[in-house]
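Structure first, commentary second.
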DNA sequence: AGCCACTATATTGTATGCAAAATGTAATAT
DNA sequence: ATATTACATTTTGCATACAATATAGTGGCT
């Protein structure tokens with residue numbers, strides 16, 4: 757027994773459904789404000805209502821769905837106020853993330869991030885929104901991983917997910933990543 | 757119709773159960789590492805397993821319970837590493853909280869907090885743990901409310917709840933509230 | 001036509017039932 | 001006596017069934 761056995765990935769239906777539904781929301785298959793028709797989803801996914809509803813409760817708790825008693829779930833819609841509320845919190849978490857990461861990063865990794873950052877600044881200068889956001893996210897992911905704090909990661913991802921509900925995520929602006937980077 | 761009607765508090769069983777179980781965990785009726793016997797709880801609370809299980813899923817997602825597939829839920833136990841992981845995140849949120857609060861506090865409110873803070877320092881000096889923690893929490897609550905950011909509040913409370921699972925919450929130390937206060 | 005009451009339908013909330021998996025126990029073998 | 005297997009019991013996961021609430025459709029009325 758000198759080889760580590762494959763960890764058995766035994767999963768439950770509702771867990772699967774949580775991630776599945778999350779993805780559907782992010783992919784826009786379930787759009788903001790839409791009702792979430794339980795029965796239809798059950799048919800689509802080939803499961804019964806019980807696990808699906810368990811998943812809905814979890815997503816409701818995460819803020820991705822609004823759960824109205826007796827009136828079903830709706831995909832959350834973010835008002836401008838909501839966004840203004842979430843951004844500072846994400847900012848604080850990013851700042852901490854950067855702080856923790858700095859203490860652990862090797863020079864090589866740090867250099868890589870600097871390179872990504874430089875490239876991102878370039879895209880920004882050229883107003884190339886799409887690549888800019890892609891790099892931006894990649895940098896955050898890298899820093900977050902380097903911070904090596906699963907709690908932080910979970911909290912951040914949760915908020916990032918909510919923000920993704922907002923169609924326009926313009927001005928995830930410079931001031932913030934400067935701060936996040938140090 | 758010149759008087760605002762009482763808002764109808766129409767609640768669902770699983771929502772009720774989420775808060776109920778949370779309280780039971782905080783009160784220590786369900787202790788760390790214990791199995792959570794579904795059937796027994798159902799009998800105690802007079803509900804069926806369906807809403808109870810929905811509540812368990814939510815609490816699992818919050819990190820208060822560990823959900824083991826096919827093996828039930830256990831009240832989460834926090835390792836020292838877990839705590840070390842959570843504290844910096846809470847610290848960051850507290851810092852933000854203080855920052856936001858400062859921008860909104862009236863002089864009177866600020867003075868009140870200073871008074872509380874002074875009193876707390878006194879308790880600390882005299883090594884009166886119990887009153888110290890009580891005041892500490894009161895101050896945090898006040899600042900949190902003053903920050904007027906429900907998202908921040910929710911995130912913070914979630915972490916604070918997890919921390920409450922740890923029996924010894926010694927050294928929620930000075931360095932932190934200095935920072936949180938400015 | 002527009003508005004209200006009423007009925008029919010659909011959707012949600014909760015309870016129950018059943019199969020699969022895990023836990024506990026007793027009997028057997030070493 | 002310890003370890004191991006086989007069996008009985010309990011517990012979990014999921015599906016279904018039933019009751020309560022909301023939605024929508026219809027007809028009558030002003």
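Chains as they are written, first to last, in the numbering used here: chain A, 757 to 938; chain B, 757 to 938. Glycine included, every Cβ here is placed at the ideal spot set by N, Cα and C. Source: prediction; values computed, not measured.
**Request:** Would you tell me roughly how many angstroms separate the C-alpha atoms of residue 803 of chain A and residue 841 of chain A, rounded to the nearest one?
**Result:** The alpha-carbon of residue 803 of chain A is positioned some 36 Å away from that of residue 841 of chain A.
**Message:** Nearer than 8 Å: is that true of the beta carbon of residue 835 of chain B relative to any heavy atom of the ligand NAP?
**Reply:** The ligand NAP is not among the ligands present in this structure, which contains no ligands whatsoever.
**Message:** Only counting the same chain, and skipping five residues up and downstream in sequence, which positions put a Cβ closer than 8 Å to that of residue 807 of chain B?
**Reply:** The residues 768, 769, 770, 773, in chain order, have a CB closer than 8 Å to that of residue 807 of chain B in the same chain once the five nearest residues on each side in sequence are set aside.
**Request:** Compute the distance between the beta-carbons of residue 844 of chain B and residue 908 of chain A, then report whether it is under 9 Å.
**Result:** Yes, these two residues count as a Cβ contact at 9 Å.
**Prompt:** What does a CB cutoff of less than 6 Å around residue 814 of chain B pick up in its chain, not counting 5 residues either side in sequence?
**Reply:** Cβ-Cβ distances below 6 Å link residue 814 of chain B to 774 in the same chain, with the five nearest sequence neighbours on each side left out; the list follows chain order.
**Request:** Could you name the residues of chain B that residue 896 of chain A contacts, counting a contact when the two beta carbons are closer than 7 Å?
**Result:** Going along chain B, no residue has its Cβ under 7 Å from residue 896 of chain A, so there is no contact; the nearest lies around 15 Å.
**Asked** What residue does the alpha helix (DSSP H) around residue 878 of chain A start on, and which one ends it?
**Response** Element bounds for residue 878 of chain A: 863-881.
**Asked** Where does the unbroken beta strand (DSSP E) through residue 920 of chain A begin, and where does it stop?
**Response** Segment 906-920 is the alpha helix (DSSP H) holding residue 920 of chain A; no beta strand (DSSP E) there.
**Prompt:** Exposed or buried, residue 854 of chain A, counting other C-beta atoms within 10 Å across all chains shown (16 or more means buried)?
**Reply:** Looking at its Cβ environment, which holds 16 or more other Cβ atoms inside 10 Å, residue 854 of chain A is buried.
**Item:** Contained alpha helix (DSSP H) runs [length at least 4] in the stretch 792-823 of chain B, N- to C-terminal order
**Value:** DSSP assignment within the stretch 792-823 of chain B yields the following whole alpha helix (DSSP H) runs of 4 residues or more, N-terminal first: 794-801, 805-818.
**Request:** Check the C-beta distance from residue 921 of chain B over to residue 789 of chain B and give it rounded, since I have them as a contact under 8 Å.
**Result:** Contact between residue 921 of chain B and residue 789 of chain B fails: their C-beta atoms lie close to 10 Å from each other, not under 8 Å.
**Request:** Check residue 829 of chain A in the structure and name its three-state DSSP category.
**Result:** Looking at residue 829 of chain A - three-state DSSP - the assignment turns out to be strand.
**Request:** Scan the stretch 900-914 of chain A for residues whose Cβ lies nearer than 7 Å to a Cβ of chain B and list them as they occur along the chain.
**Result:** When C-beta distances to chain B are compared with 7 Å, the residues of the stretch 900-914 of chain A below that value are 905, 906, 907, 908, 911, in chain order.
**Request:** Taking only beta-carbon positions, decide if residue 856 of chain A is within less than 9 Å of chain B.
**Result:** Between residue 856 of chain A and chain B, the shortest Cβ-Cβ separation is below 9 Å.
**Message:** For residue 922 of chain A, would you say it is in contact with chain B, using Cβ-to-Cβ distances shorter than 9 Å as the test?
**Reply:** Contact with chain B is absent for residue 922 of chain A, since none of that chain's Cβ atoms lies less than 9 Å from the residue's Cβ.
**Message:** As a quick exercise: from B/821, B/805, B/847, pick the residue whose alpha carbon is nearest that of residue 779 of chain B.
**Reply:** Of B/821, B/805, B/847, the residue nearest in Cα terms is B/821.
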